[in-house]
Amino acid sequence: MNNSKTLEFFTPKPSKIGGAIFLDTGISAGFPIPADDFETTRVSLDEELIKNKSTTFFAKVKGQSMIGAGLNNDDLLVIDRSLEPSNNKIAVCFIDGDFTVKRLRVEGTEVWLQPENPDYPIIKITDENDFIIWGIVTNVIKKV
């Protein structure tokens, strides 16, 4: 796949460690929780975030058009091509030679690509557009 101005397609490196340690007691965002007797297990993010391995891919966000939806520059998107596109879903689309990530707005037979930043225009899809919905965003992974 190609990179574009708005997405950078990403192939993760395989891991041989079998998942990271998971603290199943939870982490308090309020008062501290006593750390005695907590259990550790391993969790695979692949198993948690990917439902359909053969149809899932990753891409990094490039740009700021979806900041209102919590998608920031360099966030890693998990995208499933097997999911049915529908109104209000966030989708990765190929339009007129470039990839973009936008919220789908569907009314009858009309489709718009809605940014989540008022500085960017809404894109109305017409018969003149070369347009394909590549997949639906299922998760976003952020760096802090």
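For the sequence shown, numbering that gives the first Met the number 0 begins at 0 and goes up steadily by one. Here a beta-carbon is modelled for each residue, glycine too, at the ideal position from N, C-alpha and C.
Test item: CB-CB of residue i and residue j under 8 Å
{"i": "phenylalanine 130", "j": "cysteine 92", "result": "yes"}
{"i": "valine 105", "j": "valine 136", "result": "no"}
{"i": "threonine 55", "j": "isoleucine 78", "result": "yes"}
{"i": "aspartate 45", "j": "lysine 59", "result": "no"}
{"i": "aspartate 97", "j": "asparagine 128", "result": "no"}
Contacting residues, own chain, Cβ-Cβ under 7 Å from residue i (five flanking each side not counted)
{"i": "glycine 69", "result": "Val139"}
{"i": "glutamate 7", "result": "Ala58, Lys59 and Lys61"}
C-alpha distance - residue i paired with residue j, whole-angstrom precision
{"i": "proline 84", "j": "serine 53", "result": "18 Å"}
{"i": "isoleucine 124", "j": "tryptophan 111", "result": "6 Å"}
{"i": "leucine 48", "j": "leucine 76", "result": "10 Å"}
{"i": "serine 43", "j": "isoleucine 89", "result": "24 Å"}
{"i": "lysine 142", "j": "aspartate 126", "result": "39 Å"}
Nearest neighbour of residue i, chosen from the options [CA to CA]
{"i": "asparagine 72", "options": "Arg102, Gly62 and Asn87", "result": "Gly62"}
{"i": "leucine 103", "options": "Gly96, Trp133 and Asp126", "result": "Trp133"}
{"i": "lysine 50", "options": "Arg80, Gly67 and Ser64", "result": "Arg80"}
Close Cβ partners of residue i (< 6 Å) along its chain, the five nearest in sequence each way excluded
{"i": "isoleucine 122", "result": "Leu112"}
{"i": "leucine 82", "result": "Ile135"}
{"i": "tyrosine 119", "result": "Ser64"}
{"i": "isoleucine 66", "result": "Asn116"}
Neighbourhood of residue i by C-beta distance below 8 Å, restricted to the same chain and skipping five residues each side
{"i": "asparagine 86", "result": "Leu103, Arg104, Val105 and Glu106"}
Item checked: 3-residue-minimum beta strand (DSSP E) runs that sit fully inside the region 43-86, ordered along the chain -> 55-60 and 75-79
Margin query: Quick check on the DSSP output: what are the complete beta strand (DSSP E) runs of length 3 or more inside the region 88-116, in order along the chain?
Written below: 89-94, 97-106 and 109-113
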